Amino acid sequence: MERLYPGRRLVEIGDDTLHLAYPPEGHAYAACFPSLTVVCTQDVALDLPSHLGTTFRAEARGRTLHLHTMLSSVDWFAYAIWDTDGALRRALSLSSDDGILENTGNPLDFEADYWAGKHPVEIDEDDPDLSYPLPFHPLDLAEDALRALFGFVFEGEPGDGDAHLDEITLAGYRLDHPGR
Numbered sequence: 479m480e481r482l483y484p485g486r487r488l489v490e491i492g493d494d495t496l497h498l499a500y501p502p503e504g505h506a507y508a509a510c511f512p513s514l515t516v517v518c519t520q521d522v523a524l525d526l527p528s529h530l531g532t533t534f535r536a537e538a539r540g541r542t543l544h545l546h547t548m549l550s551s552v553d554w555f556a557y558a559i560w561d562t563d564g565a566l567r568r569a570l571s572l573s574s575d576d577g578i579l580e581n582t583g584n585p586l587d588f589e590a591d592y593w594a595g596k597h598p599v600e601i602d603e604d605d606p607d608l609s610y611p612l613p614f615h616p617l618d619l620a621e622d623a624l625r626a627l628f629g630f631v632f633e634g635e636p637g638d639g640d641a642h643l644d645e646i647t648l649a650g651y652r653l654d655h656p657g658r
């Protein structure tokens, strides 16, 4: 965490579970497992996920880096994947207000049914604005991305074999500025 936040003072605030994947601003949660490191912070909630800062990308060098972020209050989802050499493989950002914000690289298998129209948005016939910028709801794709990439869901119902958020412990940190 110190390498991700140079110049910040990290104050341990105790453990919590992955249900805090979107911690308050100025906080981060992290865990290291044998072949996986998880970092949860608002600092990676970027409209254009391909613009993730060099500090995070450099820390992941030699490993595949996955960024996944979603915000249900604005129906927004973004994800990106960088290969072990640091090359961007896929970046996608979608919102119900703006449609496609970023779409770089080839879609992954879990996206196929969405782009093929197999998860249509239900339009309220009484709504005077019957337009919708996408053929599906971004948060539905976000949940399927979580399951496909990481083996759990955040807001949906866990399926057989899915990890449960309350079983994944993360260390919590407050990210203070020096002198405060």
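When the count follows our numbering, it moves up by one through the sequence shown with no breaks and lands on 658 for the last residue. We treat Cβ as the ideally placed atom computed from N, Cα and C, and that holds for glycine. These figures come from a predicted structure and were not determined experimentally.
Same chain, Cβ closer than 8 Å to residue i, neighbours up to 5 away in sequence not counted
{"i": "Ser574", "result": "Val552, Asp553, Trp554, Tyr610, Pro611, Leu612, His615, Pro616"}
{"i": "Gly639", "result": "Gly629"}
{"i": "Val522", "result": "Leu530, Phe534, Leu545, Thr547"}
{"i": "Glu537", "result": "Arg481, Leu482"}
{"i": "Gly637", "result": "Arg625, Val631"}
{"i": "Val599", "result": "Tyr610, Leu612, Pro613, Phe614, His615"}
Whole-angstrom distance between residue j and residue i, CA atom to CA atom
{"i": "Leu653", "j": "Ser513", "result": "25 Å"}
{"i": "Ala562", "j": "Thr533", "result": "Residue identity check: residue 562 is Thr in the sequence provided, not Ala. So the alpha carbons of these two residues sit roughly 15 Å apart."}
{"i": "Arg568", "j": "His655", "result": "33 Å"}
{"i": "Thr515", "j": "Ala509", "result": "6 Å"}
{"i": "Glu589", "j": "Lys596", "result": "10 Å"}
{"i": "Pro502", "j": "Gly583", "result": "31 Å"}
{"i": "Leu524", "j": "Asp618", "result": "19 Å"}
{"i": "Gly492", "j": "Val517", "result": "15 Å"}
{"i": "Asp576", "j": "Ala499", "result": "24 Å"}
{"i": "Leu586", "j": "Pro484", "result": "34 Å"}
{"i": "Glu490", "j": "Leu543", "result": "25 Å"}
{"i": "Ala623", "j": "Asp604", "result": "31 Å"}
{"i": "Leu648", "j": "Phe511", "result": "11 Å"}
{"i": "Glu580", "j": "Leu572", "result": "7 Å"}
{"i": "Ile578", "j": "Ser550", "result": "16 Å"}
Cβ shell of residue i (< 7 Å), same chain only, five flanking positions each side left out
{"i": "Arg539", "result": "Gly564"}
{"i": "Asp494", "result": "Tyr507, Leu648, Gly650"}
{"i": "Gly504", "result": "Arg652, Leu653"}
{"i": "Arg541", "result": "Thr562"}
{"i": "Ala641", "result": "Gly629, Phe630"}
Assigned exposure category for residue i - 16 Cβ within 10 Å defines buried
{"i": "Ile601", "result": "exposed"}
{"i": "Pro527", "result": "buried"}
{"i": "Ile559", "result": "buried"}
{"i": "Thr519", "result": "buried"}
{"i": "Ala594", "result": "exposed"}
For residue j and residue i, believed in contact at Cβ under 8 Å, the rounded distance
{"i": "Met479", "j": "Tyr592", "result": "Met479 to Tyr592, Cβ: 34 Å. No contact."}
{"i": "Val631", "j": "Glu621", "result": "5 Å"}
{"i": "Leu570", "j": "Ala556", "result": "7 Å"}
{"i": "Leu643", "j": "Leu496", "result": "4 Å"}
Cβ neighbours of residue i in the same chain (closer than 6 Å, five flanking residues each side left out)
{"i": "Gly634", "result": "Glu621"}
{"i": "Arg487", "result": "Asp654, Pro656"}
Contact test: residue i Cβ vs the ligand MN heavy atom, cutoff 6 Å
{"i": "Ala626", "result": "For the ligand MN, the structure offers nothing, since it holds no ligand at all."}
Below-7 Å beta-carbon distance, residue i vs any chain D residue
{"i": "Asp561", "result": "In summary, chain D is missing from the structure at hand, where a single protein chain is found."}
Complete runs of the beta strand (DSSP E) confined to the region 487 to 521 [at least 3 residues]: 487 to 495, 505 to 511, 514 to 519
Return the chain-ordered ranges of every alpha helix (DSSP H) run that is complete within the region 546 to 623 and spans a minimum of 4 residues. 590 to 593
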